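Taking it in order: structure first as structure tokens, then the write-up.
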Amino acid sequence: MMTLGGLFFSMKNLRLPRHLLVKLGIDLDVSSDDDVYILEQKGKTLHLLLLALVFTFCVIFTIINIQTATGPAAITFIPVPLTVICLLLYIKGYVVASKLLNFIQVSTVIAVLDLIVTPSSGILAYYIPTIVGAQIMFAGKRRRLGHLLSVIVLLVLAALVLTDFRLAPKLTRNLEDAKIEWLMNFGGSTLAVLFEIIFILSVSNRIQTLLINKKHLIEKQNEELQRTNEELDRFVYAVSHDLRTPLVSLKGLLDLILRLPLQPEKAVNYLQMAKTSTNRLDETIRDILEYARNARLEPVPEHFDLLKMAEQVFADHSFAARRPVKLVLKHPDAACKIVHDKTRLHILLRNLIGNAIKYSSQQVDEPFVAISCSHQNGQLCLEITDNGEGISPDCLPKIFDMFFRGTSTAEGTGLGLYICKQIVTKLDGKITVESQPNLGTTVKVTLPMKEIEETGA
Amino acid sequence: MRVMLIDDDPLINFVHAEIIAHEWPDWQVTAIESPVKALKFLKETAVFEWPDLLLLDLNMPVLNGFDLLAQITPFFTDRSLHTVVAILSSSLFDEDREKALSFPFVQGFLEKPLQKDALLRLLSPRSGNS
């Protein structure tokens, strides 16, 4: 005599072909980090397993019932087309409807089978895995429906147990058979519940691992965020100071200008200084913006000639020199055509060449800025050398710090080299500075390259 | 009255010197742009020749205002030291104010640019403040 118990047992060893499951919309390698998604995948799996099980069970049972004429063949046959309808619904995308129909037919078949067998053969025990199954099948977004179905089935179960209502035609069993059937059904439903527990535990394990991973990730992100926050605090502190420095000068100058009577020569002097302050404020704001852009935007590769750009930048800055400064291109005939982030390299050149010109020496006969550009092993190497004032060894370790200015009289925002460092870091490169006071400075920048083509000019 | 201004920004030093010259033409003003030089001067000068008023900026390269305050702290164990030390800063951060005023000999925290009234207030109730 076939029982549900036996079938539930075989279900445990049931392995549906992988590609079939994937076709049915079940993601077996649930690598998603969404726990609700995992739950819903598991719910779908259980639903399909149940469909397959009910189908197989009912077909076999119907055949046995017809051959032996011991059971109600008509009743056991009803779920066969219903499971097919469920599967069709599922494939068409009506997942919830499919689950609901499946659930209702299983519950109904259990009730009807119980009601036509006298004395009770313990088929009602299958309501326990059914109730648990509702929770699994509808886990996730539809869990309220799952709760509702569980409660309904519980009420039906209570009604069936507590009342004596039976359906005709009555199938009678002798007590011995009933006992054996009762035991088998009870065992079967216990196995089913066990299977469901294992099922839930596996989901829970997976989600737990997921949560632990998420926790580690969040902790790491939190640490990073804290570091960023501290950096931001320092940044705000430094920026507010450097924005306010020209501003308070301006305020003071305006106070002086407004104090009447005012000699015209003095007024002109004050206004000149006010202009200097305004320019400095503007420069600081530009630098801050450049810093922010570098931090926010991803590099955009563009074709351009680095040496040409260097020449242009030099020409733009040479007017700021205290004395005429000569530009020396180490490979004057070569072009350095590269594909790189043009905007960032422009900022880099502007700051480095600008520094070389600004701090050119008053003592040497022929101040120069030498620029060379070479590449090997996919590395772009840019060198900017000058024979200027140089940097004292005390200052050298600090020159890349935010708002560091070498001497108290140094002009500029103190952001230039900081921005250079940030840019080179963003481009996965390296920047080093060698310098000796009164002899000069060499800045070396190496950047990883994607594509370089060198052509003679 | 001899006043010493210590600030790395030459422009603001000029502005402050002009303001003082305008309000109190008889005062002697010395402005020092390098805090290192200022410290050297103070260390090498006999205490009784120190300026009467020392106006110090906080945010300076190489040696900031707090470092300088820490360096001159030992001189103030001498109770007879007449110099009034005040911070003259553009900082809007309470932490800076609290940290500066935690030095017992710092008698005020003035905001840049220097205002006549603020300086007068600092100088008038001398006994009450210390």
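Chains as they are written, first to last, in this note's numbering: chain A, 183 to 639; chain B, 262 to 391.
Glycine is no exception: its CB is placed at the ideal position from the N, C-alpha and C atoms.
Computed from a predicted structure; not experimentally measured.
So who's on the other strand from B/Q289, going by DSSP bridges? In the second sequence, the residue the question calls residue 289 of chain B occupies position 28. Answer is B/R263, bridged to B/Q289.
Report yes if the C-beta distance between B/L300 and B/Q332 is below 7 Å; otherwise report no. Indexing the second sequence from 1 puts residue 300 of chain B at position 39. Indexing the second sequence from 1 puts residue 332 of chain B at position 71. The Cβ-Cβ distance between B/L300 and B/Q332 falls below 7 Å.
Tell me the rounded alpha-carbon separation between A/I539 and A/R409. Reading the first sequence from its first residue, position 357 is the one you call residue 539 of chain A. Reading the first sequence from its first residue, position 227 is the one you call residue 409 of chain A. Spanning the two alpha carbons is a distance of roughly 36 Å.
A/E635 CB to nearest chain B CB: under 7 Å? Residue numbering aside, residue 635 of chain A sits at position 453 when the first sequence is read from its first letter. Caution is warranted here: a pLDDT of 49 is assigned to A/E635, below 50, making its placement in the model unreliable, and the coordinate value is therefore given only provisionally. For A/E635, the answer is no, since every Cβ of chain B falls outside 7 Å of its Cβ.
For the alpha helix (DSSP H) containing A/D498, name the first residue and the last one. To locate residue 498 of chain A, count along the first sequence from 1; it is residue 316. Counting along the chain, the alpha helix (DSSP H) containing A/D498 begins and ends at L488 to H499.
Mind listing the chain A neighbours of B/I273? Cutoff is C-beta to C-beta under 8 Å, in chain order. By 1-based counting over the second sequence, the position of residue 273 of chain B is 12. Correct list: T427, V430, S431 and G434.
Residues in its own chain within less than 8 Å of A/E493 by CB, not counting five upstream and five downstream? Start at 1 with the first residue of the first sequence, and residue 493 of chain A comes out as number 311. These residues qualify, in order along the chain: L509 and L511.
Where B/D378 falls: helix, strand or coil (DSSP): As a working note, residue 378 of chain B is residue 117 in the second sequence. B/D378 falls in the helix class under three-state DSSP.
Under 7 Å between C-beta atoms, does A/L564 make it to chain B? The residue labelled residue 564 of chain A in the question sits at position 382 within the first sequence. A/L564 does not count as touching chain B.
Between which residues of its own chain and A/L530 is the CB-CB distance below 6 Å, once the five residues before and five after are set aside? In the first sequence, residue 530 of chain A corresponds to position 348, counting from 1. Only residues of its own chain outside the window of five on either side were considered, and among them C602 and I605 have a CB closer than 6 Å to the CB of A/L530, listed in chain order.
For A/E507 and A/R532, which I take to be in contact (beta-carbon distance under 8 Å), what is that distance rounded to the nearest angstrom? Position 325 of the first sequence, counting from 1, holds the residue named residue 507 of chain A. Position 350 of the first sequence, counting from 1, holds the residue named residue 532 of chain A. The amino acid at residue 507 of chain A is misidentified as Glu; the sequence shows Val. So it is not a contact: roughly 15 Å between Cβ atoms.
Would you please verify whether the beta carbon of B/E279 is less than 7 Å from any beta carbon of chain A? Position 18 of the second sequence, counting from 1, holds the residue named residue 279 of chain B. Output row for B/E279: interface = yes.
If A/L629 and A/H522 are in contact, beta carbons under 8 Å, what's the gap, nearest whole angstrom? Position 447 of the first sequence, counted from the first residue, corresponds to residue 629 of chain A. Position 340 of the first sequence, counted from the first residue, corresponds to residue 522 of chain A. Contact holds; Cβ gap of about 7 Å.
I'd like to know whether the C-beta of B/V308 is nearer than 7 Å to at least one C-beta of chain A. Within the second sequence, the letter at position 47 stands for residue 308 of chain B. No, because no Cβ of chain A sits closer than 7 Å to the Cβ of B/V308.
Runs of alpha helix (DSSP H) lying entirely within the stretch 496-550 of chain A, each at least 4 residues, in chain order: 524-540
Distance check for A/P263 and A/T227, CA to CA, integer angstroms please. For the purposes of this step, residue 227 of chain A is identified with residue 45 of the first sequence, where counting begins at 1. For the purposes of this step, residue 263 of chain A is identified with residue 81 of the first sequence, where counting begins at 1. Spanning the two alpha carbons is a distance of roughly 20 Å.
Could you tell me the boundaries of the alpha helix (DSSP H) in which A/L283 lies? As a position in the first sequence, residue 283 of chain A is number 101, starting the count at 1. Per DSSP, A/L283 belongs to the alpha helix (DSSP H) from V277 to I298.
Is there a Cβ of chain A sitting closer than 7 Å to that of B/K373, yes or no? As a first step, residue 373 of chain B is located in the second sequence; it is residue number 112 there, counting from the start. Chain A, which has a Cβ nearer than 7 Å to the Cβ of B/K373, makes this yes.
My assumption, with CB atoms under 8 Å, is that B/L349 sits in contact with B/D313. Please give the rounded CB distance. In the second sequence, counting from the first residue as 1, residue 349 of chain B sits at position 88. In the second sequence, counting from the first residue as 1, residue 313 of chain B sits at position 52. 15 Å between Cβ atoms; not a contact.
So, do the stretch 396-406 of chain A and the stretch 433-444 of chain A have three or more beta carbon pairs nearer to each other than 8 Å? no
Identify the contact partners of B/L300 in chain A, using a Cβ-Cβ distance below 9 Å as the criterion. Position 39 of the second sequence, counting from 1, holds the residue named residue 300 of chain B. Correct list: empty, because the minimum Cβ distance to chain A is about 12 Å.
Whole-angstrom distance between B/P374 and B/N274, CA atom to CA atom: The residue labelled residue 274 of chain B in the question sits at position 13 within the second sequence. The residue labelled residue 374 of chain B in the question sits at position 113 within the second sequence. Near 10 Å, if we compare the C-alpha coordinates of B/P374 and B/N274.
Please check if any C-beta of chain A sits within less than 7 Å of the C-beta of B/V290. Along the second sequence, read from residue 1 onward, the residue named residue 290 of chain B stands at position 29. Not one chain A Cβ lies under 7 Å of B/V290.
Would a C-beta distance cut-off of 7 Å place A/K281 and A/H329 closer than the cut-off? The residue given as residue 281 of chain A occupies position 99 in the first sequence. The residue given as residue 329 of chain A occupies position 147 in the first sequence. It is not a contact, given that the beta carbons lie outside the stated cut-off.
With 7 Å set as the bound, which would you pick, yes or no: does the beta-carbon of B/N320 sit closer than that to a beta-carbon of chain C? In the displayed structure, chain C is absent; the protein chains listed are A and B.
Would A/L438 pass as an interface residue toward chain B - the criterion being a Cβ-Cβ separation below 7 Å? The sequence position of residue 438 of chain A within the first sequence is 256, counting from 1. Closer than 7 Å to the CB of A/L438 there is at least one CB belonging to chain B.
Measure the C-alpha to C-alpha separation of A/D296 and A/L399 and round it to an integer number of angstroms. The sequence position of residue 296 of chain A within the first sequence is 114, counting from 1. The sequence position of residue 399 of chain A within the first sequence is 217, counting from 1. The straight-line gap from Cα to Cα measures roughly 53 Å.
Does DSSP put A/H329 in a helix, a strand or coil? Start at 1 with the first residue of the first sequence, and residue 329 of chain A comes out as number 147. For A/H329, the three-state secondary structure derived from DSSP is helix.
Using the C-alpha atoms, what's the distance from B/V323 back to A/H499? As a working note, residue 499 of chain A is residue 317 in the first sequence. As a working note, residue 323 of chain B is residue 62 in the second sequence. Going from the Cα of A/H499 to the Cα of B/V323 covers about 28 Å.
Using CA atoms only, rank isn't needed, just tell me which of A/R426, A/I581 and A/G275 is closest to A/E154. Only positions 183 to 639 of chain A appear in this structure, which leaves residue 154 of chain A out of reach.
In this structure, does DSSP put B/S341 in helix, strand or coil? Against the second sequence, residue 341 of chain B aligns to sequence position 80. Here B/S341 sits in coil by DSSP.
For B/K360, three-class secondary structure by DSSP: Taking the first residue of the second sequence as 1, we reach residue 360 of chain B at position 99. Correct three-state label for B/K360: helix.
Do three or more CB pairs link the stretch 550-569 of chain A to the stretch 620-627 of chain A at distances below 8 Å? yes
Looking at the strands, I want to know which residues DSSP matches up with A/C563. Locating residue 563 of chain A in the first sequence gives position 381, where the first residue counts as 1. According to DSSP, A/C563 shares a beta bridge with A/S556 and A/T628.
Chain A contact residues for B/D270, given Cβ-Cβ distances below 8 Å: Here the question's residue 270 of chain B lines up with position 9 in the second sequence. Near B/D270 (Cβ distances below 8 Å), the residues of chain A are T427 and S431.
Looking at B/E279: is its Cβ nearer than 7 Å to the Cβ of A/L438? Position 18 of the second sequence, counted from the first residue, corresponds to residue 279 of chain B. Position 256 of the first sequence, counted from the first residue, corresponds to residue 438 of chain A. Yes; because the gap between Cβ atoms is below 7 Å, this pair is in contact.
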